[in-house]
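In full-length UniProt numbering, the protein residues as written are 1 to 340.
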């Protein structure tokens, strides 16, 4: 009996949060493999803010998903069939260009084998030991380069990247202030992750809170949000301060662009504002794993994964990223994990 593949296909460019009709779940038979191709069953689908930017008809670091195209996404799966000498059935893999689908046929050169980390669940490979961990680790250690005693402010600090970035910064000796939405997330940051302070942007003015917590200003900002929160932190960067711009999630669903800082301050305060992409550091993954792995196994670095079940609910799950209705890294479980 032929396998049936469900795929989310982009039907129109969303305006604001994704709505029914922007994408469609379609079914089609899985075709036969050609030489050197591998059939991968998707186990986990990673949901990331960048998914939303790929739906826009705008210039980016990757081309937008075309109308009628399968939605792009980072996945982790298991080999079901193989016509490649490099992979065999049962191997755990991640495609270089995955998609929102039950199955993917992938050329062998576009697959990377994944090895389970000792003592950690498989979800770690698509989160804290995957692109999320790479982004957080190198955003702190290579872009911001904290010195002991310096203060770093992290927006979206209870999110997948921000929560790891704060713990890496603490391990480097920084004082860390996290910005998050709601008392429970702020409590998690300070009581469980070891942040020095947390600001609940839903219940207090971020600028006033920063003036209270860091009256002399701050040296570093790990920016994930943009808009008014970014402005509040930017205006409190000290002379020669550093800002790592990882994401601008406040803009991804906006029908008009959120406000931006007064960039003349870059000149007057000789600020270093640097954008970066995880793709810049993919070739250095072993460096991150070498330091992060022992921290995770010892419990020194803590992390959360929020797993929703079912490919059919992926649209609602993605919108969680923009409503704050989740903690930590957001994944969709598309099918059962392989044994082992």
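The beta-carbon is built from N, C-alpha and C at its ideal position, and this holds for glycine as well.
- When secondary structure is reduced to three states using DSSP, residue 120 falls in the coil class, being assigned neither helix nor strand.
- CA-to-CA, the gap between residue 9 and residue 27 works out to about 10 Å.
- Annotation: the continuous beta strand (DSSP E) that includes residue 307 extends over 305 to 309.
- For residue 180, the enclosing beta strand (DSSP E) stretches over residues 175 to 180.
- Nearest to residue 328 by alpha-carbon distance, out of 259, 70, 159, is 159.
- Relative to residue 176, the option among 295, 260, 144, 122 whose CA is nearest is 144.
- In the three-state reduction of the DSSP assignment, residue 105 falls in the strand class, which pools E and B.
- Burial check for residue 240: the Cβ neighbour count within 10 Å stays below 16, so the residue is exposed.
- With 16 or more neighbouring CB atoms inside 10 Å of its own CB, residue 243 falls in the buried class.
- Within the same chain, 240, 241, 242, 243 come within 8 Å of residue 272 by CB-CB distance, once the 5 residues on both sides are set aside.
- Residues of the same chain with a CB within less than 8 Å of the CB of residue 74, apart from the 5 flanking positions on each side, are 45, 46, 48, 94, 98, 126, 130, 131 in chain order.
- Bounds of any alpha helix (DSSP H) do not take in residue 34, whose DSSP letter is neither H nor E.
- Note on geometry: alpha-carbon atoms of residue 81 and residue 38 lie some 6 Å from one another.
- For the set 316, 279, 226, the Cα lying nearest the Cα of residue 262 is the one of 226.
- Here the C-alpha atom of residue 107 lies approximately 20 Å from the C-alpha atom of residue 4.
- Close CB contacts of residue 123 within its chain, under the 8 Å cut and outside five residues either way in sequence, are with 44, 305, 307, 329, 331 (chain order).
- Counting other Cβ atoms within 10 Å of its Cβ, residue 277 stays below 16 and is therefore classed as exposed.
- Listed in chain order, the non-local C-beta contacts of residue 178 below 6 Å within the same chain comprise 154, 157, 166, 189, 195, 198, local neighbours out to five positions each way being set aside.
- Unbroken beta strand (DSSP E) runs of no fewer than 3 residues, entirely contained in the region 245 to 277, are found at 272 to 275, following chain order.
- Leaving aside the five residues that flank residue 248 on each side, the residues in its chain whose CB is nearer than 6 Å to its CB run, in chain order, 226.
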